[in-house]
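Protein chains in written order, with the working numbering: chain Z, 144 to 625; chain H, 30 to 334. Heads up, the thing below is written out as structure tokens.
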Amino acid sequence: MKWKIFSRKRRKGQWRLIFKPDGDVADVMALPGAVVEGRIAGRYLLASSVTAGTVIIQGVGRKGILAGVDVAVDHEAASEHDVDVAYQPRSGRASLRPAETINFEEMMLNASDEFVPVSTTPEDMACILYTSGTTGRPKGVKLTIKNFLCEQQSTEQALDVTPKDKIIGVLPFFHVFGLSNVLHTGLIHGASIVLVPQYSPGNLLRTIMESRPTLMIAIPTMFGHLLTLLERKKVRLPDTLRLCLSGAAPLPKEMIEAFERCSGCRVLEGYGLTETVAACCLTPPDGVCKAGSIGVPLPGFEMKVVDGDGKELALGEVGEIAIRGEGVTAGYYNLPQDTEEAFRGGWFLTGDIGYQDQDGYFFVTDRKKEIIIKGGLNISPREVEDILLTHPVVKEAAVIGRRKGEREEIVAFVTTRGEVSARELVSHCKQSLSNFKVPDEIFFMGILPMSVTGKVLKKELTDDYRDERKIEQKEIGPGSVD
Amino acid sequence: MSAKSNKKRLGLVQSIETWTASSPDLVALRFEGEAITYKELNLRANRVANGLQGLGVKKGDRIAIMLPNIPESVYTLVGTLKLGAVAVPFNTLYKGGEILHILKDSGAKCLIALTNFAPMINEIRPELPDLEQVILTGERNLLFAHPESTAFIQLILQGDLIKDIDGAYQKMGHILLKIIGDLGVKEAWYKHRGSIRLRGDKIATFVISEVEGMGLINAVVFLGPLDTRDFLRVVWVPPEIRDKVVEPLTSVQQETGKRPLWDQVKETVVAAIEQGFQVEIKEGSMVRDELFGYEKLRSLAYKAR
């Protein structure tokens, strides 16, 4: 009983409030920082004025960005748009560390310089890369040490990288294209890689002009941005550049030619998948570049076109592209069913629809999953998109199928350069397409959702799209069983 | 092997070690004006391998890597290979649900990410029993402050007040939930670490940090809609992915039709913290030592790089 009375009598702790509703963005860092520093000093000076707790409530009177020192900020744009820019000082001794985490630099500092690599076999897994594709949930693609080795051998001749090379490292290393064809290729052959952590057209061009690379490996969007910038600024790329490689999405032939004129070097177009450790097909370096073609298989990869039963089709016939080789994945992590469905008789089914011509060049026309079936007829979204794109006002187009009762409808999403009515686009399509291929509905968009590699994310255009970024209160989506 | 081509069938780890031995000063990476040689790259990859091994990582364990193209990303990828562990690099633009899926599916033991992803990782961490370590690097934090949207609430506390991090996250989460509720938003929820949400959208968020034996809780509450357009013009982000850089957000104003006034915010926040921590809070000002520090930090913040 006594104790209870005692505890009730005890005075509540007193905390201090600092209230500043109209500060600026530097205050967000400087106010708590000053209190922290004051407390550290106070501890050594044994000052009694330091309270157990301080609460700061603050707002800002002007727009502001508080940036870490590694963030690229456009200061001109900042003053133009009245945005204050303040930097967080580089964390020193008394650096903030989120609770229950380890600081990378500290971990490095305390570790030894010597390490004997753990012994591995070629069959050991090196990497799991998650591919979102443009439809469905990300699947983990298992890639072994052997897969990476084979890919290196396959591209060796075409890229011919040596220690004299300097490669632009703008493709993210979390994506197979950057990881395999830039990071692995560059470091295996003793080249140097110029790291570009944050892509912007200006940033890329500046890096190219300053570092004078010999090799640029990028995606079509980047080549497109660069072309526009080069034309606007009336500059030429450095003459050190000897080769460019584009992949991940088709690069139109006009663009290849325009870029070759601008750079004075060859632009090769590659085709590959996460499942093939990036490039498995390439424009022959000494051969012809055919419009719309993905090129010919690289050494170490075999490719063929098959029908629904896995039977090989004749040249020119359209079917699914299948690939075999030591560079091909062993399958999907934790997904035996998907793995089984993806292979037939040792051949990996790419899900890409296309054909092979008389000269051995492959062409991709569609994604299998995206084919629209309307009234029993197969419709290629790509074909409809290509027609829409021939209209002068249409900038981008994405066509998907939408279930309506028993049947599927064709829905088009477009971005435009100017005014145009849906009716006009429909009649434009009717001039070149059979009636059943003409879109049933057309939506005008500000932008189309795209992946980092510039592919339209068609799944985000469907009615039942669920934003996977959100965290839900109930365990309905992310992480639960489909 | 002098600086000639590597035509032998060597993998990444062996190649780097061979270049290190034959041409140690050959440049492997260039980053912001700095040249990193093969020898330095090899040494730092060794340090990562040793560091991870010290944390209990073994051959075959999955190491998730959420980094842009910075040297640390290369050290980690090479170090992971040296350990015989499996690298799981993934898109730095991924958000909550996507990251959760990848970490869960791969059963990653460690995650190496940029410091600014800490709040996001925190929020999903309780659902990831396999994830033992979160290792953070890089100074790429980014915070938007807008007069009509953001209210910052910061608590600087003696370390013993937040010794139990889980408990502290629970307590602060519920204090923020109460604040949001008292400001008129009734449907918000708090599951675990990090964010107060409505439906799947974020209305307030916080992170607990440690520094020199003290605890620092940094929270932001969205009072009004956050117009990010001007900010995104300043930090360049490709237009196609703008909507992915900022998580889906909502605000008190969007939910109640009215943006609360600052006096109401102050009163509400103080009352909720007083109740949550069982303390009295009195308005005060900074003492002399703190004012010196304040001026110093401000001038550092605005000094152009």
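No residue lacks a Cβ here, since even glycine has one placed at the ideal position from N, Cα and C.
Below 8 Å on the Cβ atoms is my guess for residue i versus residue j; work out the distance and round it to an integer in Å.
i	j	result
A555 (chain Z)	I585 (chain Z)	5 Å
A50 (chain H)	R91 (chain H)	The Cβ separation is near 30 Å, so there is no contact.
V420 (chain Z)	E294 (chain Z)	4 Å
D506 (chain Z)	S436 (chain Z)	Strictly speaking, residue 506 (chain Z) in this sequence is Phe, with Asp absent from that position. Their Cβ separation, rounded to whole angstroms, is 5 Å, which keeps F506 (chain Z) and S436 (chain Z) in contact under 8 Å.
V260 (chain H)	L278 (chain H)	As written in the sequence, residue 260 (chain H) is Phe, which differs from the Val given in the question. No, F260 (chain H) and L278 (chain H) are not in contact; Cβ-Cβ is about 13 Å, not under 8 Å.
M359 (chain Z)	L384 (chain Z)	6 Å
G196 (chain Z)	I185 (chain H)	7 Å
G413 (chain Z)	V448 (chain Z)	So it is not a contact: roughly 19 Å between Cβ atoms.
L165 (chain Z)	G204 (chain Z)	One point to set straight first is that residue 165 (chain Z) is Asp, not Leu, in the sequence displayed. So it is a contact: roughly 4 Å between Cβ atoms.
F402 (chain Z)	C387 (chain Z)	7 Å
E309 (chain H)	Q157 (chain Z)	5 Å
G345 (chain Z)	D382 (chain Z)	Contact doesn't hold; Cβ gap of about 21 Å is too wide.
Whose CA, out of the options, lies closest to the CA of residue i?
i	options	result
E257 (chain Z)	H:L72, H:G188, H:A147	H:L72
G244 (chain H)	Z:R182, Z:Q480, Z:G589, Z:I351	Z:R182
I161 (chain Z)	H:D318, H:S314, H:Y323	H:S314
P289 (chain H)	H:I209, H:V308, H:I99	H:I209
E372 (chain H)	H:A233, H:T297, H:S135, H:L81	Residue 372 (chain H) is absent from the model: chain H starts at 30 and stops at 334.
F306 (chain H)	H:L320, H:A197, H:F321, H:G113	H:A197
T274 (chain Z)	H:L157, H:I194, H:P118, H:T279	H:P118
R404 (chain Z)	Z:C424, Z:L394, Z:L380	Z:L380
G544 (chain Z)	Z:G518, Z:I208, Z:V563	Z:G518
S102 (chain H)	H:G126, H:A74, H:L84	H:A74
Q43 (chain H)	H:L58, H:K68, H:D54, H:R154	H:K68
M251 (chain Z)	H:Y104, H:S328, H:K87, H:W48	H:Y104
V249 (chain H)	H:L172, H:V299, H:I153, H:Q162	H:L172
P100 (chain H)	Z:T305, Z:G312, Z:A254	Z:G312
E220 (chain Z)	H:R327, H:S328, H:V264	The identity of residue 220 (chain Z) in the sequence shown is Ala, whereas the question assumes Glu. With distances taken between Cα atoms, A220 (chain Z) lies closest to H:V264.
S224 (chain H)	H:A64, H:I237, H:N120	H:I237
S328 (chain H)	Z:P315, Z:K155, Z:L174	Z:L174
L58 (chain H)	Z:V563, Z:K309, Z:I199	Z:K309
G80 (chain H)	H:I65, H:R258, H:A114	H:A114
Does the Cβ of residue i lie closer than 6 Å to at least one heavy atom of the ligand ZN?
i	result
L369 (chain Z)	Ligands are entirely absent from the displayed structure, and the ligand ZN is therefore not among its contents.
If you check the beta carbons only, do residue i and residue j fall under 7 Å apart?
i	j	result
G462 (chain Z)	D450 (chain Z)	yes
Q201 (chain Z)	D167 (chain Z)	no
V536 (chain Z)	R560 (chain Z)	yes
L70 (chain H)	H327 (chain Z)	no
L209 (chain Z)	T417 (chain Z)	no
L112 (chain H)	A78 (chain H)	yes
P442 (chain Z)	P97 (chain H)	no
A422 (chain Z)	G415 (chain Z)	yes
C572 (chain Z)	V563 (chain Z)	no
G488 (chain Z)	T482 (chain Z)	no
G283 (chain Z)	Y476 (chain Z)	yes
Determine whether the Cβ of residue i lies closer than 7 Å to any Cβ atom of chain Z.
i	result
D134 (chain H)	yes
I209 (chain H)	no
V281 (chain H)	no
E312 (chain H)	yes
Q293 (chain H)	no
R288 (chain H)	no
S178 (chain H)	no
E296 (chain H)	no
E269 (chain H)	Confidence at E269 (chain H) is low in this model, with a pLDDT of 42, below 50, so the placement of that residue should be treated as unreliable; the coordinate-derived value is given next. Chain Z contact via Cβ: present.
Q304 (chain H)	no
V42 (chain H)	yes
S328 (chain H)	no
A142 (chain H)	no
Would a check of beta-carbon distances place residue i closer than 7 Å to chain H?
i	result
P356 (chain Z)	no
L372 (chain Z)	no
A237 (chain Z)	Residue placement at A237 (chain Z) cannot be trusted, given a pLDDT of 43 that sits under 50; what the coordinates show is reported in the next sentence. Output row for A237 (chain Z): interface = yes.
G196 (chain Z)	yes
I208 (chain Z)	yes
P381 (chain Z)	no
P479 (chain Z)	no
Contained alpha helix (DSSP H) runs [length at least 4] in the segment 255 to 307 of chain H, N- to C-terminal order: Counting only runs of 4 or more, we get 258 to 263, 271 to 274, 281 to 285, 291 to 306.
Secondary structure, beta strand (DSSP E): runs of 3+ residues fully inside the segment 400 to 431 of chain Z: At a cut-off of 3 residues, the continuous stretches assigned as beta strand (DSSP E) that sit fully inside the segment 400 to 431 of chain Z are 409 to 416, 421 to 425.
Complete runs of the beta strand (DSSP E) confined to the segment 179 to 218 of chain H [at least 3 residues]: Unbroken beta strand (DSSP E) stretches of 3 residues or longer found wholly inside the segment 179 to 218 of chain H: 179 to 187, given in chain order.
Complete runs of the beta strand (DSSP E) confined to the segment 459 to 489 of chain Z [at least 3 residues]: Counting only runs of 3 or more, we get 462 to 468.
Any alpha helix (DSSP H) of 4 or more consecutive residues that is wholly inside the segment 327 to 403 of chain Z: Here the runs fully enclosed are 328 to 331, 344 to 354, 363 to 376.
Start-end ranges of the beta strand (DSSP E) lying completely within the segment 258 to 296 of chain Z, minimum 3 residues: The qualifying runs are 268 to 274, 282 to 287.
Whole runs of the beta strand (DSSP E) within the segment 101 to 177 of chain H, excluding any shorter than 3 residues: The segment 101 to 177 of chain H contains these whole beta strand (DSSP E) runs: 115 to 118, 139 to 143, 162 to 166, 171 to 174.
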